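When you read off a place in the sequence shown, starting at 1, and then add 18, the result is the number in my numbering. Beta carbons are placed, not taken as given, at the ideal position from N, Cα and C, and that holds for glycine. In this text the structure is predicted, and so the values were computed from the model without any measurement. Down below is the structure, laid out as C-alpha cells.
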Amino acid sequence: MRRVLIVGASAAGLAAAETLRREGYDGTLTLVGDEPTAPYDRPPLSKQLLSSEWESDRLALRTPAALAALDLDLRLGVAATALELASRTVRLADGCEVPYDGLVIATGVRPRRLPGTGAHVLRTLDDALTLRERLTPGRRLVVVGAGFLGAEAAAVARKLGAEVTLLEPAAVPLAHAVGAEVGRMLAQAHVDQGVDLRCGVTVAEATEGGVRLADGSRIEADEVLVAIGSLPNTEWLDGSGLTVADGVVCDEYCEAAENVYAAGDVARWYNPLFGTSMRIEHRTNAAEQGMAAARNLLNPQARKPFAPVPYFWSDQYDMKVQAHGFLRGHDEVAVVEGDLADRRFVAAYRTGDRVSGALAVRMPPKAIRQWRQAIETGAPWHEAVGS
C-alpha cells in the first residue's frame, strides 16, 4: 500500500493521518478538505469562540510545523465529488482524480436547514464568527432546536446580554437522549437564566425578521440560529457502490468496502460493545475512530473491532454535562448520586438488563468513572445500581 487518501480534514481525518505516520506508513498520504482552513477543533465554536473567550487561532488542531512533519499531500478548499471503487480513484471539485490503495472517508456532517432565508447555522469557523459579530447586548436571538448545540449557543447568547427565545418541537428538550427528568432539569436552567423557552413548537420557516411557526404565527428576532441536527456528507458517494444509510455503513472494523474505511461523524458502524450500529457526532469519537480506521487499514491481518464507550460533554452556564455510553433508546434512568433539584448529580441508564450509559452534571470526573467501567464491562443493571 503506497497511496493512502483521506477525504475529510477535521478531527477524524487528521487523527487517521497521524496514526498512519506513527505506525510506520511512509507512502504518499493525501489529505483532502473542503474548507480552506487547516484542521481545527469544532466544539469550541459554540462555546469559547462564540463567547469571545478564545480567538480563532486557538482552534487549530496542530501547528503548521506539526502538519508539515506529516509530509502530507494536503489539498484544502476542494471537495470530493465522486468515488470510483473499481479504479480506486476519487474525483475532486477541481477536476483532479486522486488514486489510492487505501481510503479513509471522514467527510463529517452538515447542518440541517429550514426553508426561508436569513438564518445562521453553526458548523464552521466562519459560521461562528459571523454569529458572534451579531450577538450584542439587547439583540433578539431565536434559536430553533434545544439540543446540545442550540442550548450551548443560547447559554452563550444570554451571557453576552442577548434576548433569547429557544424553540423546541418536543414536549421536553433532549428527552429522547437523556430522559424526561434530566431534560426538564436542563431546560429549567435556561428558564432561570431568562431564556424564553417554548416547547411543542414547530417552526415552518426562517424569515429576515424572525421565524414563522407552523400555526402561522410569527416570532420577531434580529437573528435566527437553526440547530435542528445534521446530515452526513455522503452525496458524493452516490453511485459508488458503498452502502449509505444515514452515514457510510461499516462493519465492526469501520470498513465499508475492501480497503475503504470511514471514521467520525459520517461513519455508521457496528459497535459490538452495545450490539448495534451507531453514528456518533462527538469530538472524542471522531479522533478515536480515525485512529482505529487507520490501524485497521494499515494492518489488515491484525484488525481489531472498534468498540468504544462513547463520550461527550456540554457546557451550559455553570453546568458541565458529561456523558458516557449510548443513552438513546434507554429503558430506565436512575439518579445514583446527588440530586436533580441541586443540578449536581450522576444518572445511570439501563437498556435491557445492562448499564448502557451514565450522565453527570457539575460532578468531578471520578464520580462517573465507575459507571464508565460498568458500561464497558456490560455490568448487569441490578448489580450496578443496587451496589
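Roughly how many angstroms separate the alpha carbons of residue i and residue j, rounded to a whole number?
{"i": "Phe324", "j": "Asn317", "result": "14 Å"}
{"i": "Ile24", "j": "Val96", "result": "13 Å"}
{"i": "Tyr335", "j": "Val351", "result": "24 Å"}
{"i": "Val327", "j": "Glu394", "result": "6 Å"}
{"i": "Gln211", "j": "Leu63", "result": "21 Å"}
{"i": "Asp371", "j": "Gln391", "result": "16 Å"}
{"i": "Val267", "j": "Val122", "result": "13 Å"}
{"i": "Glu273", "j": "Ala320", "result": "14 Å"}
{"i": "Ala310", "j": "Glu270", "result": "11 Å"}
{"i": "Thr148", "j": "Ala27", "result": "22 Å"}
{"i": "Glu299", "j": "Gly51", "result": "18 Å"}
{"i": "Pro155", "j": "Asp214", "result": "16 Å"}
{"i": "Leu249", "j": "Asp91", "result": "28 Å"}
{"i": "Arg297", "j": "Arg286", "result": "4 Å"}
{"i": "Glu355", "j": "Asp349", "result": "19 Å"}
{"i": "Ala207", "j": "Ala56", "result": "36 Å"}
Got a sec: is the Cβ-Cβ distance from residue i to anything in chain D below 9 Å?
{"i": "Val278", "result": "Looking for chain D here will not work: only one protein chain is present."}
Under the criterion of a Cβ to heavy atom distance below 8 Å, does residue i qualify as lining the ligand ADP?
{"i": "Ala189", "result": "Absent from the structure shown: the ligand ADP. Ligands present: none."}
Can you tell me whether residue i is buried or exposed, with buried defined as 16 or more other CB within 10 angstroms of its CB?
{"i": "Glu238", "result": "exposed"}
{"i": "Arg387", "result": "exposed"}
{"i": "Pro290", "result": "exposed"}
{"i": "Arg40", "result": "exposed"}
{"i": "Ser15", "result": "Since the first residue of the chain shown is 19 and the last is 405, residue 15 is not available in this structure."}
{"i": "Ser235", "result": "exposed"}
{"i": "Asp112", "result": "exposed"}
{"i": "Glu306", "result": "buried"}
{"i": "His400", "result": "exposed"}
{"i": "Glu71", "result": "exposed"}
{"i": "Ala205", "result": "buried"}
{"i": "Ser105", "result": "exposed"}
Quick one: measure Cβ to Cβ for residue i and residue j, integer angstroms, because I've assumed they're closer than 8 Å.
{"i": "Pro187", "j": "Val219", "result": "6 Å"}
{"i": "Phe344", "j": "Gly308", "result": "Actually they are not in contact, since the Cβ atoms of Phe344 and Gly308 sit about 20 Å apart, beyond 8 Å."}
{"i": "Leu77", "j": "Leu85", "result": "Actually they do not touch by this definition, with Cβ atoms about 14 Å apart."}
{"i": "Arg361", "j": "Met337", "result": "6 Å"}
{"i": "Ala30", "j": "Ala198", "result": "No, Ala30 and Ala198 are not in contact; Cβ-Cβ is about 33 Å, not under 8 Å."}
{"i": "Met19", "j": "Asp119", "result": "4 Å"}
Excluding the five sequence neighbours on either side, which residues of its own chain have a C-beta within less than 6 Å of the C-beta of residue i, listed in chain order?
{"i": "Leu101", "result": "Val108, Leu255, Ser258"}
{"i": "Gly247", "result": "Arg130"}
{"i": "Ala189", "result": "Cys217, Gly218"}
{"i": "Val278", "result": "Leu121"}
{"i": "Ala312", "result": "Ala34, Thr37, Leu38"}
{"i": "Val353", "result": "Phe363, Ala365"}
{"i": "Glu421", "result": "Given that the chain is displayed from residue 19 to residue 405, the structure contains no residue 421 and the question cannot be resolved."}
{"i": "Glu115", "result": "Thr107, Arg109"}
{"i": "Gly201", "result": "Val190, Pro191, Leu192, Ala193"}
{"i": "Arg80", "result": "none"}
Spatial neighbours of residue i within its chain, please: C-beta separation below 8 Å, excluding the five flanking residues on both sides.
{"i": "Val133", "result": "Inspection of the sequence shows that residue 133 is occupied by Pro rather than by Val. Same-chain partners within the cutoff: Ala222, Glu223, Ala224."}
Can you find the residues in the same chain that come closer than 7 Å, C-beta to C-beta, to residue i, ignoring five residues on each side of it along the sequence?
{"i": "Leu167", "result": "Ser64, Leu140, Ala245"}
{"i": "Thr142", "result": "Glu53"}
{"i": "Gly126", "result": "Gly26, Ser28, Asn251, Gly282, Asp283, Val284"}
### Task
Can you check the segment 254–321 for any beta strand (DSSP E) of at least 3 residues that lies completely inside it and give the ranges in chain order?
273–275, 278–280, 285–289, 294–296
### Message
If we require 3 or more residues per run, which beta strand (DSSP E) segments fall completely within the segment 112–158?
### Response
115–117, 120–123, 127–129
### Query
Where in the segment 201–231 do unbroken runs of the beta strand (DSSP E), each at least 3 residues long, occur, reported from the N-terminal end onward?
214–217, 221–225, 228–231
### Message
What ranges does the beta strand (DSSP E) occupy inside the segment 30–114, keeping only unbroken runs of at least 3 residues that lie completely in it?
### Response
46–51, 91–94, 98–102, 107–110
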